[in-house]
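Chains as they are written, first to last, in my numbering: chain A, 1 to 110; chain B, 111 to 220.
Where a beta carbon is used, it is the ideal one built from N, C-alpha and C, also for glycine.
Heads up: the structure comes next, in structure tokens.
There are 2 protein chains.
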Amino acid sequence: MIAPGIKRGTAELAVLSVLEDGPLHGYEMARRIEEQTHGSLRFTLASLYPLLYRLEKRGWVRGVWETSGTGRRRRCYRLTPAGKKKLAPIRAEWSELFRALKRLAKVSHA
Amino acid sequence: MIAPGIKRGTAELAVLSVLEDGPLHGYEMARRIEEQTHGSLRFTLASLYPLLYRLEKRGWVRGVWETSGTGRRRRCYRLTPAGKKKLAPIRAEWSELFRALKRLAKVSHA
DNA sequence: TTTCTATATATAGCATTCCTATGTATAGGA
DNA sequence: TCCTATACATAGGAATGCTATATATAGAAA
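Okay, here's the thing in structure tokens:
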């Protein structure tokens, strides 16, 4: 697990990225982020829900209430066109950070 | 310039890294971080001074007051042996973050 | 000589992001 | 019936970096 101080700011990118492959609800997002990073990146639901509300307020994601066949109520989020457009510049900024830290601090990427 | 939300947590690594090449005072650290990242990473002195106090309290750096020939007083910081030992694991954690975001969010490192 | 810029450190107060702790509620298996 | 997994929600706090402000000296320009 990566320490909280270091992973700060990654949650937004992580959420937008997992939503790129299709709509998801919060609980499942957390599961996929952990799975796809082999446990390196892990977020509590208490972090993700407020983040999703912020992203929805900005118009980058949209959530709709769903009632599954079993009767369980959950909120399904999907990327909006505006959110899709934001992903490229956000990735570019992270790339720039990686390059900067490679030069400055000799952090390897391998 | 990388947005504040994304660069969070990088200041500690940046400071320890520039100090690896020799003792420096705060003002000069800020200048070198900006220079060596070609302006991608830039910190205000109001961020760096409290960070240096924290690092000193942890025993990772040690600062001594200097009075230059011209009479200017400034605090010169150097890495302690403990600080030197911390650099490798911190770099490893950043590397792990890079790998995780490459897999999860397709952030390139080139 | 005065004024402006660069150098240099310090702190108050704030925003953002993520945390732990807690609460609610349903589904399914032991 | 109880435990675990699923699913959402919020209160309260820690950490990090920001703007704004304050102090003070050196050197160049006017």
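Examine chain B for any beta-carbon lying closer than 8 angstroms to the beta-carbon of residue i, and answer yes or no.
i: A:T44; result: no
i: A:L13; result: yes
i: A:L8; result: Before going on, a small fix: residue 8 of chain A reads as Arg here, not Leu. Yes, its Cβ sits closer than 8 angstroms to a Cβ of chain B.
Using a Cβ-Cβ distance cut-off of 8 angstroms, determine whether residue i contacts chain A.
i: B:S127; result: yes
i: B:E138; result: no
i: B:S157; result: no
i: B:G132; result: no
i: B:L151; result: yes
Mind pulling the chain A residues with CB within less than 8 angstroms of residue i?
i: B:K167; result: Those do not exist, as B:K167 stays about 16 angstroms from chain A at its closest Cβ, beyond 8 angstroms.
Original post:
If contact means a Cβ-Cβ distance below 7 angstroms, which residues of the segment 170-201 of chain B contact chain A?
Top reply: R201
**OP:** Select from the segment 95-109 of chain A all residues with a C-beta closer than 8 angstroms to any C-beta belonging to chain B, and list them in chain order.
**Re:** S95, E96, L97, F98, R99, A100, L101, K102, R103, L104, A105, K106, V107, S108, H109
Original post:
Counting pairs of beta carbons, one from the segment 9-18 of chain A and one from the segment 209-219 of chain B, are three or more of them closer than 8 angstroms?
Top reply: yes
Subject >> Any 3 or more C-beta pairs closer than 8 angstroms across the segment 195-214 of chain B and the segment 13-20 of chain A >> reply: yes
Original post:
Between the segment 192-210 of chain B and the segment 36-51 of chain A, do three or more beta carbon pairs fall short of 8 angstroms?
Top reply: yes
Original post:
Between the segment 55-71 of chain A and the segment 185-204 of chain B, do at least 3 Cβ pairs fall closer than 8 angstroms?
Top reply: no
**OP:** List in chain order: all unbroken alpha helix (DSSP H) runs of 4+ residues lying wholly within the segment 15-45 of chain A.
**Re:** 26-36
Original post:
If you scan the segment 44-73 of chain A from start to end, which runs of the alpha helix (DSSP H) of 4 or more residues do you find wholly inside it?
Top reply: 45-58
**OP:** Taking 8 angstroms as the threshold, find out whether the segment 129-143 of chain B comes into contact with the segment 85-98 of chain A through three or more Cβ pairs.
**Re:** no
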